[in-house]
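Beneath this line is the structure, given in structure tokens, with notes to follow.
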Amino acid sequence: MGRRSRRVRQDEGGGAGEPALLRARVESVPGPRWTLSSRVADVLLDGVPPPEEVLLSECLERVGHRGTDIDGNVRMDVVIQEPEFYIPDEHTRRRILSLPECQTYALVYRAVPLLRGHRITSVRQWGGADENTDAKRAVRDALADDWLWNTVSGLLDDAFNAAKDAETRKRVVMSESEAAVFVPGAFESVVNARWSHVLSGEAGIPLGMRVVGGLPENVWSYDEVNYNPSPRDVDRQAPRTGKLEIMVVSSEDGWPYTQFKNETRSVDSNAEVGRGGVLNAPTSNAVYIRREVVRVWYIVEEQTRAWYIERKLVKPRTCIVIGTPGIGKSFACGSFLLYQLLHYEGGLLDVVAYFIRDSAYVIHNARPGVPGSVVLYSDQYAAVLKIKKMASCERGFVIVDISEKGEVPSRELPTNFWPTVVLTSPDVNHYEQWMKDRNDKLIYVNCDDERDLKAFVAWQKLFPLGQDAGITDELCK
1 MGRRSRRVRQ DEGGGAGEPA LLRARVESVP GPRWTLSSRV ADVLLDGVPP PEEVLLSECL
61 ERVGHRGTDI DGNVRMDVVI QEPEFYIPDE HTRRRILSLP ECQTYALVYR AVPLLRGHRI
121 TSVRQWGGAD ENTDAKRAVR DALADDWLWN TVSGLLDDAF NAAKDAETRK RVVMSESEAA
181 VFVPGAFESV VNARWSHVLS GEAGIPLGMR VVGGLPENVW SYDEVNYNPS PRDVDRQAPR
241 TGKLEIMVVS SEDGWPYTQF KNETRSVDSN AEVGRGGVLN APTSNAVYIR REVVRVWYIV
301 EEQTRAWYIE RKLVKPRTCI VIGTPGIGKS FACGSFLLYQ LLHYEGGLLD VVAYFIRDSA
361 YVIHNARPGV PGSVVLYSDQ YAAVLKIKKM ASCERGFVIV DISEKGEVPS RELPTNFWPT
421 VVLTSPDVNH YEQWMKDRND KLIYVNCDDE RDLKAFVAWQ KLFPLGQDAG ITDELCK
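In full-length UniProt numbering, the protein residues as written are 1 to 477.
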């Protein structure tokens, strides 16, 4: 990611300047995700606890009060119970109560006890606009504050409606067509996948490799992975810097490539074990991420940014990722792209569709009040129709894994609205139709090198033993 100044800043800095890969570690998919069982206190706080130990004197200073007629050595959680007693002057009181910190206190220390007193502790008990009207009226009268009541009722109404909509959406998905099946636990498993990595250069350990849990402190930049050798140099060791050898991301319930464990059908992944199939086998939930896989992500991320954020493309580009069977072109690239896209820019994308074998997964990202979900379509055309309905009003992305049989989705797939990645073998017959009438970009995936394979073995042998384990020469034999 270092070819233009914008890319360099992303690689070198921290915070907003971190590479997209690192940002995925700290940026969660938007939340909170309200359900009918959510507590009203959590909704009113919007998932953030009120500030602790705030004194009235701090608030007085915020509003510019200089008098000595008010005792400022009182905590705001006490003041909020009887603001008229502690802040006699109406003008000063109104300015203090309008501070964001004080509004939070008011919601917690005034509204929540009143709601609890009328047996309203959850979003379900709050109900819709026409439910619990007597209890709501009593709370409103007790608050005697129109602004506070409007805030309370607005937040709780929104949470209730979002929770009901989420339940309705699940029911609709289940009843829309027999081809659509909700896969429980699949979204959470992918979006919360666990990371580990292999480091080299460890003194005192044969081969100098050890396995460490979590994401590495420094992930390869675009310049570090942007290596495209000529055909005569394809077997030459790529230049490397740093200690990071590989990364591994593991989803407990599996991936689209392996099928999720809560699916009812049998696995037929058309997987082939080649040079890279040592780790990325169809029975494994652990995805091996080497430099080539990260290079593919950087290219895809650049095209996604150009379409959705910079808006400098007339239509999105289709990236065709070409690799020989067994080098991680399908399992590694497909799974890693899915994980990164769901986390991209803090949840920018609403939907990621993943076509594989004769089926399709439509993965809805989490939104405030609406949990994420994975819907499996046994009929690809049914999935295409669903995507066409969403294409013009939601931000999405499509991953198409063309198996050895060359199944492809319908030509009606709206690639003029959503960016697309096609994962395919070098057989031009598999991807020829994607080359026609599309703004495509070819990405060739290079094979593993010797250091990749050593790191393969290091992770396989040492990860079951726990983190921070070393590897010996015998383990590699």
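Just so it is clear, CB atoms sit at the ideal spot from N, CA and C, and this is done for glycine as well. In this text the structure is predicted, and so the values were computed from the model without any measurement.
Proximity to residue i [Cα-Cα], best of the options
i           : options                : result
A186        : S378, W255, G369, A138 : W255
K386        : D223, E412, Y227       : E412
residue 481 : W220, V139, R94, N132  : Limits of the chain in this structure are 1 at one end and 477 at the other, which puts residue 481 out of reach.
A332        : K136, K261, T424, L348 : T424
D350        : N285, R357, L341, D358 : L341
D440        : T324, A353, I299, M390 : I299
R451        : Y308, D77, G201        : G201
S122        : I289, A306, V40        : V40
A360        : G396, S284, C102, V400 : V400
V362        : W147, A180, T92        : A180
E345        : D379, V78, E310        : E310
V190        : A286, D157, D130       : A286
D69         : Q125, M76, S57, S250   : S57
T324        : Y339, M247, I402, Q380 : I402
T35         : R240, D158, Q303       : D158
V74         : V54, D89, L453, V63    : V54
R240        : R291, G213, S37        : R291
D130        : Y444, D77, S153        : S153
residue 486 : N218, M390, F182       : In the structure displayed, the chain extends from 1 to 477; residue 486 sits before or after that span and is not available.
G242        : T258, V248, E224, V249 : E224
R124        : A353, M247, S38, S98   : S38
residue 490 : V398, E188, P83, L155  : Nothing about residue 490 can be reported from this structure: the residues present for the chain run from 1 to 477 only.
Q303        : D89, L453, V398        : V398
G347        : R357, H364, F355       : H364
Residue i in three-state terms, based on DSSP
i           : result
F260        : coil
residue 500 : For the chain, the structure presents residues 1 to 477; residue 500 sits outside this window and is missing.
Y354        : strand
A186        : helix
T318        : strand
V54         : coil
G396        : strand
R23         : Bear in mind that the predicted position of R23 carries a pLDDT of just 38, short of 50, making it unreliable; the figure below should be weighed with that in mind. Looking at R23 - three-state DSSP - the assignment turns out to be helix.
G117        : helix
G213        : strand
D379        : coil
L442        : strand
Y227        : coil
A360        : strand
V219        : coil
R39         : strand
A455        : helix
W195        : strand
R240        : coil
Q460        : helix
S251        : coil
S335        : helix
T402        : Reading off the sequence shown, one finds Ile at residue 402, where the question assumed Thr. Residue state, collapsed to three classes: coil.
E292        : helix
A180        : strand
Assigned exposure category for residue i - 16 Cβ within 10 Å defines buried
i    : result
E61  : exposed
C393 : exposed
P216 : buried
Q434 : Here residue 434 turns out to be Trp, not Gln, going by the sequence shown. Flag for W434 reads buried.
G128 : exposed
V296 : buried
K312 : exposed
A193 : buried
V428 : exposed
A203 : exposed
F85  : exposed
W147 : exposed
H91  : exposed
G67  : exposed
L338 : buried
Any non-hydrogen atom of the ligand NAP closer than 7 Å to residue i Cβ
i    : result
G328 : By its list of ligands, the structure shown contains no ligand whatsoever, and the ligand NAP lies outside what it can speak to.
| query | Okay, do the stretch 307-317 and the stretch 416-436 touch, 3+ Cβ pairs below 8 Å being the bar? | reply | yes
| Would you call the stretch 133-148 and the stretch 106-113 touching, i.e. three or more CB-CB distances under 8 Å? | yes
| Length-filtered (3 minimum) beta strand (DSSP E) runs lying within the stretch 405-429 | 420-424
| query | Which residue spans inside the UniProt domain "DUF7578" (63-110) form an unbroken beta strand (DSSP E) run of at least 3? | reply | none
| query | Are the stretch 445-462 and the stretch 194-210 touching, with three or more C-beta to C-beta distances below 8 Å? | reply | yes
| task | Taking 8 Å as the threshold, find out whether the stretch 100-108 comes into contact with the stretch 126-137 through three or more Cβ pairs. | result | no
| said: For the pair the stretch 368-380 and the stretch 155-164, tell me if three or more CB-CB distances fall below 8 Å. | reply: yes
| Which parts of the stretch 112-166 are runs of the alpha helix (DSSP H), unbroken and 4 residues or longer, counting only runs that do not cross its ends? | 112-117, 123-126, 133-143
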